[in-house]
Each structure stands twice: as C-alpha cells, then as structure tokens.
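In UniProt numbering, the protein residues as written are 1 to 565.
Every residue gets a Cβ at the ideal spot worked out from N, C-alpha and C, and that includes glycine.
All figures in this text were calculated on a predicted structure; none of them were measured in a lab.
Right, one structure below, let's go through it.
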Amino acid sequence: MTAHYHDTLTSLCLHTEDNDTANDTSTVAAATCALNAVITVVTWSMVREATASDPTFVNLIRQLEAGFPEDCKELPTNLRPYHRFASSLCTVDGVVLMGQRIVIPPALRKPVLNALHAAHQGVSAMRARAMDSVYWPEITVDITRVRDQCVHCHQMAKSNPMQPPSDITPPDYPFQMICSDYFTYNSNDYVVIVDRYSNWPMVYKSESGAEGLVKRLRETFVTFGIPEELTSDGGPQFTAGKTQEFLKAWGVRHRLSSVANPHANCRAEMAVKTVKRMLVDNITAIGSLDVDKFQRALLMYRNSIDPETKASPALILFGRPIRDAIPILMGRYSPHETWTELMSHREMALAKRHSREHERWNEHTHHLPTLQVGDHVYIQNLVGNHPRRWERTGTVVEVRQYHQYVIRVDGTGRVTIRNRQHLRKFTPFQTNQTQGTLIAPTVQHQEVILNSPTTSKTTQPQVPKIPLSLSPSRILSQPAALNETPTTVPTQKPATQTIQQPPQIDLDQSYHHTPEPDVPAITRIPRALSRLQPHNKAGEKELLAPRRPSRRYITEHNIDDSGTD
Numbered sequence: 001m002t003a004h005y006h007d008t009l010t011s012l013c014l015h016t017e018d019n020d021t022a023n024d025t026s027t028v029a030a031a032t033c034a035l036n037a038v039i040t041v042v043t044w045s046m047v048r049e050a051t052a053s054d055p056t057f058v059n060l061i062r063q064l065e066a067g068f069p070e071d072c073k074e075l076p077t078n079l080r081p082y083h084r085f086a087s088s089l090c091t092v093d094g095v096v097l098m099g100q101r102i103v104i105p106p107a108l109r110k111p112v113l114n115a116l117h118a119a120h121q122g123v124s125a126m127r128a129r130a131m132d133s134v135y136w137p138e139i140t141v142d143i144t145r146v147r148d149q150c151v152h153c154h155q156m157a158k159s160n161p162m163q164p165p166s167d168i169t170p171p172d173y174p175f176q177m178i179c180s181d182y183f184t185y186n187s188n189d190y191v192v193i194v195d196r197y198s199n200w201p202m203v204y205k206s207e208s209g210a211e212g213l214v215k216r217l218r219e220t221f222v223t224f225g226i227p228e229e230l231t232s233d234g235g236p237q238f239t240a241g242k243t244q245e246f247l248k249a250w251g252v253r254h255r256l257s258s259v260a261n262p263h264a265n266c267r268a269e270m271a272v273k274t275v276k277r278m279l280v281d282n283i284t285a286i287g288s289l290d291v292d293k294f295q296r297a298l299l300m301y302r303n304s305i306d307p308e309t310k311a312s313p314a315l316i317l318f319g320r321p322i323r324d325a326i327p328i329l330m331g332r333y334s335p336h337e338t339w340t341e342l343m344s345h346r347e348m349a350l351a352k353r354h355s356r357e358h359e360r361w362n363e364h365t366h367h368l369p370t371l372q373v374g375d376h377v378y379i380q381n382l383v384g385n386h387p388r389r390w391e392r393t394g395t396v397v398e399v400r401q402y403h404q405y406v407i408r409v410d411g412t413g414r415v416t417i418r419n420r421q422h423l424r425k426f427t428p429f430q431t432n433q434t435q436g437t438l439i440a441p442t443v444q445h446q447e448v449i450l451n452s453p454t455t456s457k458t459t460q461p462q463v464p465k466i467p468l469s470l471s472p473s474r475i476l477s478q479p480a481a482l483n484e485t486p487t488t489v490p491t492q493k494p495a496t497q498t499i500q501q502p503p504q505i506d507l508d509q510s511y512h513h514t515p516e517p518d519v520p521a522i523t524r525i526p527r528a529l530s531r532l533q534p535h536n537k538a539g540e541k542e543l544l545a546p547r548r549p550s551r552r553y554i555t556e557h558n559i560d561d562s563g564t565d
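Dropping the structure here:
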C-alpha cells in the first residue's frame, strides 16, 4: 500500500463546516421499524473505484500532490469546500482521507446515508457516527434531510415538550369574558357557563344540539349582559352554524381552544371539576338538576370566599353576599362599602397567583419554532388505537395567537385547530422518476388525423355502446372504440385537431362488436326497459335479452309460437 501525505495523518479533525441545530436533539423510532431503504455495504474497494471515476476527486488528488494555495479563490469551485481542511487531507491507496475519516465520493453518499440511518437514530447520533468514520461537504445537511424524510421516524417520534403558557388578556369587569364547556356525568350530558372575572358558574342539563346551547346563552346574555368574548373547546355544538350565527348577531367574539389542549380553556375545565363535585348525591336518578339539594349546593358555592382573593363570586358580582342556607348579620346583605378596595385586593391576589402558576407551568417547557403558512406538518394522534403516534399529515393554512394553527388534513381535506405542541414540521420527500417515485399521470393531447370515406373533416372519437348482456369483467376489459359512423365536428382547422385521445386506442383496429355465444345473458330486465324494446333502433334490439313476449303482444304483431318476430 502506498500513501501520499499532504501534511500529517496523526491529527484527527473534529470540526465540520455545518452546525447542528437545536432540533437535532430529538431521538426517534426503534430499530424494529422496517427500513425504508436498501442497505448496501460500502467497502474500501468501492470507495477507491468511485474516487477514481469521479472527476472532482481526480482533480482533488492532483491538487493534493501539487499543494493547496493560500487563497481558496484560486481553486476551482468544486474544490473550494476542501480548502479549509487542506492540512488534514491525504490519500491512501487511491482513497482521500481527512484525518482518520474517509472522504466519500458523491456516487456512494446515498448508501452511506442509508447505513447511518439503519437504526432510525436521531440526527445527533447519526452525526456522531459519521464524525468517527466518513466525511463529505455538507454531510450534516444531508443527514438532517434523511432524518426529515423518514416516515417511520416521524410516526414513532416522541411528543413535543409543553410550551410556556401564553398571557391572555384578563377581563376588566364581570361577564366581559365567559367560558363554556360540555361534560358527562353518570351518562347524562351537561353544559357549564362560567364568568372569567367572578368565577360565577351556571350549569344546565344539555338539550338538543346547538338549539339548546343557543337557548342557554341567550338566557345568560339577557341576565348578566352581552359578553365580548366566549371561549370554548370547539365542540360540535359551539361550531354549529346556528351557534355561530347567534354569536355574530349578538356581537360576541368566539375564541376556540386547540384540540386536546384544555389549558387554553382552563377556566371552564376548572368549573367542570367544581360542578361535578356538586352533582354528587345532589341530583335525581335521571340526572335532573331541578331539585333543591343541587340548587342549594350551587348557592353555597357562589357564596364561598376564595382563600386568596378574599371574595366570593357573589361578592364580586353584586358587591354583597347573597342569602343562602347559613344565616349572617342582616347588615351584611347591604352593598359592601369597601367594594373598590376589595377589588384592588383581588387584583393583587390574582397577580400573585398568576405569577406562581406561571413559574410552575414554565418548568419542563420549551419554546418550539414558529410555523408558517404552507408548512407541511405531522399531526400527533391524541385518541384512537395509536395515541401519541404521528400518523397523519397536513398543511398549515392559518397562524393564530396563543400557539394555535389551523391545519388542513391531507386526504380528507378536513380543517382542524391544533396547538404547536401537537405539530411537527417535516420536509416532503421528492425525487425524480429515475429513483422510482410514482408520478401522477397527466392527460396527453395527441394530434390525430381521422380519414373518413364520407368526409375529410376531423372526426370525434365516440365511446362504443356496450351490450347489456356483457358481464362486468367483460365490460372492464372492453377497449374504447370509435363509432362506426364518424360524426362531423366543425372546426377552424379542417385537416387536423388536437383532441384528448386515450392511449390504448388503435385507429387501425375494428371495434364492431359481435356477441359471443358463451356470454351469459341477463335473465331479468326492468319492466320499463322491456316495454321500450319494440321502439329500439335497428341493430340494437338484438343486444338485449327480453323475457318472453306476452300473448297480447304476440297477437298484435302476428308472432308465431317460437317467440320470434
């Protein structure tokens, strides 16, 4: 073995010209997944042969023998990426090395990438393995591309980390912003409406669809005033056309939370938990709320004082407590004199609570890159047989506030709202025909000249009439044909015309159909069709197989007993 050293072979270069991004840390997919590419063993002899046959590498070896100039601009464009590593480059037995790493020619880079990704590891693990053995310019970019185009890695990827909470504008007065949600308890459906400012809850047994929801919302608006905003989880009752028309007519803005992201509608979720506790042993067997036990429980909650704000929903809403089952001093039912001070104390208490909750939610969270309209994303399953898998894809069609994205799902075309936590961006896999990618067929337009003994103008190919006695398999196998008598089509070009022509049509082939004797006939024809048979055109009646004519028909048409006309 002969070797030519440009400088020294003892130094191991650990620097590449590409920096790994923060997203490279996501590890994915087990090695049990099926490989999406054929693994080819790359040997030393294959690298030597590919190096000798590649013009760029031949020039690189010659440049190594002659020495690299100090300025990279003096080199050809295809050799400039190697200038910064010139001191670490050498040749061994016709193979270019960079330190102890083999420089792979372009012809073998795809097999090497497939081998690096055989275990379906993440970008960081693949890059670490490549830094120990192989190199070529922009290898990190190629490794990232292979990982992004692997379907198995996307489907088996772990869930995204939770994002830091978004600060939502708080309401300034009671019933400025309300929240609503549906829940089920003991096989009965209920709807809860809660005020974000005072936490005043209202609960109703669910009625029929959107009409029942509109009825309850109208009662709330009339009693407490029209809110500026309604927050919901986007259930079918809230997104129904009747509900949307009602909210628009009353001037209420509808804010939807993302799918499977209850934190966006946290106030309603907390009200649901509170109401479920009140339902225990306080409703009838059929789930009715129209009983004294439940109404008294609801009344007690509305008078309960929050330990931090030192105010109850009734005190915040009315400025005084409301009379319930527990007696208090009669003078306390009058409006609270220090109501303004109480509201200031409430604001400070809520600020401390929000700060504490913000710190708690910020733990173990991570900011995810913002998506743009048109980005292709994987959508994480949240229910079903494969939860937490990334099996569906879609396209971003709208970017909203609070990490919300409107996604159009591929295949179904359905539009859904998802939080950034449940979306993972990917690059669609695109190759040419030489790599075996199926490309949707396009309609080819051919210039066809049809000659007819009766006319010299262009004729339009007609679809042949298939006899009713043919079986479905014979119909599918029947080729498209031209009508026996071509139809004259007026055109500005009397000789030729570009038309859409099926590729399987042979203009020299005769397509006159002759029924085969072994084709089974239809045993029964609809009565309306059999009555029209005497009026069929000549040459088409024999394609039908009618039942035996009636005696009246035989008598009127002078048909003999054999049944033939």
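Taking 8 Å as the cut-off, the beta carbon of Val-194 is found no closer than this to the beta carbon of Phe-246. In the structure shown, Arg-218 adopts helical secondary structure according to DSSP, grouped into three states.
In the structure shown, the three-state DSSP call for Gly-94 is coil. Excluding its 5 nearest sequence neighbours in each direction, Trp-200 has C-beta neighbours in its own chain below 6 Å: Pro-313, Leu-317, listed in chain order.
Its chain contains Arg-80, His-83 as the residues whose beta carbon lies nearer than 7 Å to that of Cys-72, once the 5 sequence neighbours on both sides are disregarded; these appear in chain order. Counting along the chain, Glu-74 sits inside no beta strand (DSSP E), nor does DSSP assign it H or E at all.
Shown here for Arg-408: same chain residues with a beta carbon closer than 7 Å to its own, the five before and five after excluded, namely Gly-394, Thr-395, Val-397, Val-415 in chain order. Its chain contains Lys-242 as the residues whose beta carbon lies nearer than 8 Å to that of Glu-211, once the 5 sequence neighbours on both sides are disregarded; these appear in chain order.
In this chain, the beta strand (DSSP E) harbouring Gly-394 covers 390-399. Around the beta carbon of Pro-307, fewer than 16 other beta carbons sit within 10 angstroms, so the residue counts as exposed.
For Arg-127, the enclosing alpha helix (DSSP H) has its first and last residue at 123-131. The three-state secondary structure of Met-162, taken from DSSP, is strand. For Gln-244, the uninterrupted alpha helix (DSSP H) segment begins and ends at 241-249.
Taking the C-beta atoms as reference points, Val-42 is found nearer than 8 Å to Leu-108. Counting C-beta atoms within 10 angstroms of its own C-beta, Asn-419 has 16 or more neighbours from the protein chains shown and is therefore classed as buried.
As a beta-bridge residue in DSSP terms, Asp-189 pairs with Thr-184.
Here Pro-227 is near Met-177, since their CB atoms are less than 8 Å apart. Asn-419 carries a strand assignment under DSSP once its states are collapsed to helix, strand and coil. In the structure shown, the three-state DSSP call for Tyr-405 is strand. Arg-414 carries a coil assignment under DSSP once its states are collapsed to helix, strand and coil.
Around the beta carbon of Ser-198, a 10 Å sphere encloses 16 or more other beta carbons of the protein chains shown; the residue is thus reported as buried. When rounded, the separation of the alpha-carbon atoms in Ser-87 and Ile-104 is 18 Å. About 7 Å separates the CB atoms of Met-278 and Phe-294; that is less than 8 Å, so the two are in contact. Going by C-alpha positions, Pro-76 is about 10 Å away from Gln-63. In this structure, Phe-175 lies near Gly-225, with their beta-carbon atoms less than 8 Å apart. Minimum Cα-Cα distance from Ser-257 among the listed residues Glu-65, Ala-297, Thr-231 corresponds to Thr-231. A residue is called buried when at least 16 other Cβ atoms come within 10 angstroms of its Cβ; Gln-372 does not meet this threshold and is exposed.
Note that the C-beta distance between His-376 and Phe-426 is below 8 Å. Cβ contact annotation for Ala-297 (same chain, cutoff 7 Å, sequence separation greater than five): Met-278, Asn-282, in chain order. In the DSSP annotation of this structure, the continuous segment of the beta strand (DSSP E) that includes Ser-232 starts and ends at 229-232.
Following the DSSP letters along the chain, one finds Tyr-301 inside the alpha helix (DSSP H) bounded by residues 292-302.
Partner residues in the beta bridge of Cys-179, as assigned by DSSP, are Val-194, Thr-231. Distance from Val-291 to Thr-284 at the Cβ level is roughly 6 Å; contact confirmed, criterion being Cβ atoms closer than 8 Å. Met-278 carries a helical assignment under DSSP once its states are collapsed to helix, strand and coil. When secondary structure is reduced to three states using DSSP, Arg-101 falls in the strand class.
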